[in-house]
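S.K.:
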Amino acid sequence: MAPREKKNGAASSSLGYDYEDKGKEQKHGLPEKIFSHRESVLTFLFENPHVKTIHHIAIVLFLGMCFITFLRHYLENNEVTSGFRLISAGFRGFHISILLWLFIYLLVCCIYFCFLTWVKLRAVFSPNSTARKICDISTTISLFGYYVFSFVFASRVVYFFDLPTGSAAIILVEQTRLLMKVHAFVRSNAPKVLQFKEKSDQILVLPTFRHYVFFTWIPTLVYRDAYPRTATTNWKKAAEYASEILAVVLFYSFYLERFAIPLFQDFGIKSFSRSKLLLVYLETVFPGIMFLVVTFYLILHLVQNLFAELLRFGDRMFYKDWWTATDFPTYYRKWNVVVHDWLYAYIYKDCCENLLPGSKNIAKYVTFFVSSVVHEWILSNMLGYFMPIMFIQFFGVGTILTYIKFPQNAFFNMMFWLSLALGSGLIITGYGLEFYARFNGVPSTTGSFDFYIPRILTCDYCYSD
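Be aware that the sequence shown starts at 1037, since it is given in the numbering used here, and climbs by one per residue.
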């Protein structure tokens, strides 16, 4: 059976679809994102019965792990709470997160009407007048003020309501996602207004509020006036995505309870020797890569495809075949196409064409820096402490690795996976030790700087020779 991309007329490759997301080089500036009817890579691969069998094996292994965990917990404690306890603790205050999300989304909807107000207000003043320039500048300042307020508000409410990791993630991730949507909308439509000539025969056409709301929900961060749509919603497929999302959440709970918590839960109560710390790190390396793969599958395949199916969004190239990479430049381009496209369109491209013309290296550093800071901001506020391991790995090491490329062969692919495993293990070990240092009451010696200085660096009795 032919894959769906061929039915829609998209160019095909060895996997049955076009891998290129960017159009041809324009006369002036970098190429633009082009949307077309495409399936996700795994959706296409799962049509192969051999790959589909591997998927079935993974499901059976997961169900077997669930059964064994439940049975063991029941035989040892005469109750079945394993897995669900961490979920209930991680999403404590879920109703508060939903109410806060509604407030954030209401502000996002208000941005549309503020944008229209700016359009009508500047039309009152004559072109090139000082009043119009003041109107434009004050609106720009107000917009960036909203950006700052949005970040401050999200971090403060998470702290004020003492939201745990899961509930905090809802607020922090959604605030960031919606803010990126707002910037994409304004950045794409403001030039239409600024370049419009009132006395010409042109008609200024701006998107409707319905299209704006639609954009805030579809799984892309790049704004367009129109997107490829599928004819119908496959409700069976949507239900499969939803059920797998619930299963992956349960998997996270099992993973933490079986592989992570036993390694770190005594830190701060008992002292850890250097050999013990090394063993803890090594024992997180391969579970860490499993955690990375499952996170990718949850966020970039299941969640994105669920919303794409419900909203009949046609372009489902949310990621590429990053697992075949042999170097990190390829990995960065293919891992998260959704975020990569936003960074390319609104950070890198704007730096190259408007802010710093011709300075592609500086634009790359700015793009990496912005991405690293936001990722670290989300993680720090989720966990309740600042420990910039991810920032150092992504911005410090990541920018260096963009200059290193390797041939496409099996050896370098294995080395790439080994690097991912070592990096994932370091992140889990660092954040896990700090979490339990604070959970087990390791005293703070830094006062008001406690959020920014890890207690694992100031704890004397936590380590032994």
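Glycine included, every Cβ here is placed at the ideal spot set by N, Cα and C. Being a predicted model, the structure only gives us computed values, none of them experimental.
Along the chain, where does the alpha helix (DSSP H) that runs through W1359 open and close?
M.R.: W1359 -> no alpha helix (DSSP H), and no H or E assigned at all.
S.K.: List the endpoints of the continuous alpha helix (DSSP H) containing C1388.
M.R.: Note, C1388: premise wrong, no alpha helix (DSSP H); not H, not E.
S.K.: If you reduce the DSSP assignment to three classes, tell me which class Y1488 lands in.
M.R.: Looking at Y1488 - three-state DSSP - the assignment turns out to be coil, as it is neither helix nor strand.
S.K.: According to DSSP, which residues form a beta bridge with R1158?
M.R.: BP columns for R1158 are empty, so no partner.
S.K.: Alpha carbon to alpha carbon, how far is G1434 from L1392? Give it in angstroms, no decimals.
M.R.: Those two C-alpha atoms are separated by around 22 Å.
S.K.: With DSSP as the reference, label K1069 as helix, strand or coil.
M.R.: In the structure shown, K1069 sits in a strand (DSSP, three-state: E or B).
S.K.: According to the neighbour-count rule (16 or more other Cβ atoms, all chains shown, within 10 Å of its Cβ), is V1249 buried or exposed?
M.R.: With fewer than 16 other Cβ atoms within 10 Å, it is exposed.
S.K.: Could you tell me which residues DSSP puts in a beta bridge with R1265?
M.R.: DSSP lists F1349 as partners of R1265.
S.K.: Give the DSSP bridge partners of Y1499, in chain order.
M.R.: In the DSSP output, where bridge partners are listed per residue, Y1499 has F1308.
S.K.: Which one or two residues does DSSP pair with F1303 in a beta bridge?
M.R.: Per DSSP, K1306.
S.K.: Is the Cβ-Cβ distance between Y1288 and F1071 less than 8 Å?
M.R.: The answer is no: Cβ separation not under 8 Å.
S.K.: Using the rule of at least 16 other Cβ atoms within 10 Å of the residue's Cβ for burial, across every protein chain shown, is L1493 buried or exposed?
M.R.: L1493 should be labelled exposed.
S.K.: Do S1203 and F1130 count as a contact pair if the criterion is CB distance below 8 Å?
M.R.: Yes. Within cutoff.
S.K.: Rounded to the nearest angstrom, what separates K1272 and L1230 at their Cα positions?
M.R.: Their Cα atoms are separated by approximately 46 Å.
S.K.: Taking C1150 as the reference, which of Y1182, F1189 and S1165 has the closest Cα?
M.R.: Closest option to C1150, Cα to Cα, is Y1182.
S.K.: Could you say which of S1455, F1327 and F1295 lies nearest to E1319 if we only look at CA atoms?
M.R.: Residue F1295 is the option with its Cα nearest to E1319.
S.K.: Helix or strand or just coil, what does DSSP make of R1074?
M.R.: Reduced to three states, the DSSP call for R1074 is strand.
S.K.: So, helix, strand or coil for S1178, using DSSP?
M.R.: Reduced to three states, the DSSP call for S1178 is helix.
S.K.: How many Å lie between V1374 and L1328 at the Cα?
M.R.: Spanning the two alpha carbons is a distance of roughly 17 Å.
S.K.: Helix, strand or coil for N1397 per DSSP?
M.R.: In this structure, N1397 counts as helix in the three-state DSSP scheme.
S.K.: Would you mind stating whether F1526 and F1300 have Cβ atoms separated by less than 8 Å?
M.R.: This structure leaves residue 1526 out entirely; the chain is present only between 1037 and 1501.
S.K.: Tell me whether E1061 sits in a helix, a strand or coil according to DSSP, three-state version.
M.R.: Any answer about E1061 is weak, because its pLDDT of 43 lies below 50 and its placement is not dependable; what the coordinates show is given next. Here E1061 sits in coil by DSSP.
S.K.: Look at the alpha carbon of S1311 and the alpha carbon of D1501, and state the distance between them as a whole number of angstroms.
M.R.: Roughly 9 Å between the two C-alpha positions.
S.K.: Assign R1128 to one of three DSSP states: helix, strand, or coil.
M.R.: Looking at R1128 - three-state DSSP - the assignment turns out to be coil, as it is neither helix nor strand.
S.K.: Using the Cα positions of M1216 and R1223, report the straight-line distance between them to the nearest angstrom.
M.R.: The alpha-carbon atoms of M1216 and R1223 are separated by roughly 10 Å.
S.K.: For V1155 and I1170, I'd like the C-alpha separation in whole angstroms.
M.R.: Approximately 13 Å between the Cα atoms of the pair.
S.K.: Rounded to a whole number of angstroms, what is the C-alpha to C-alpha distance between F1378 and D1351?
M.R.: It should be pointed out that residue 1378 corresponds to Trp in this sequence rather than to Phe. Those two C-alpha atoms are separated by around 15 Å.
S.K.: With H, G and I counted as helix, E and B as strand and the rest as coil, what does DSSP make of E1083?
M.R.: Note: E1083 maps to coil in three-state DSSP.
S.K.: Just mark T1176 as buried or exposed, buried being the case when its beta carbon has 16 or more other beta carbons within 10 Å.
M.R.: T1176 should be labelled exposed.
S.K.: How many angstroms separate the CA atom of K1441 from the CA atom of K1385?
M.R.: So the alpha carbons of these two residues sit roughly 23 Å apart.
S.K.: If you draw a straight line from the C-alpha of A1226 to the C-alpha of E1210, how long is it?
M.R.: When rounded, the distance between both Cα atoms is 24 Å.
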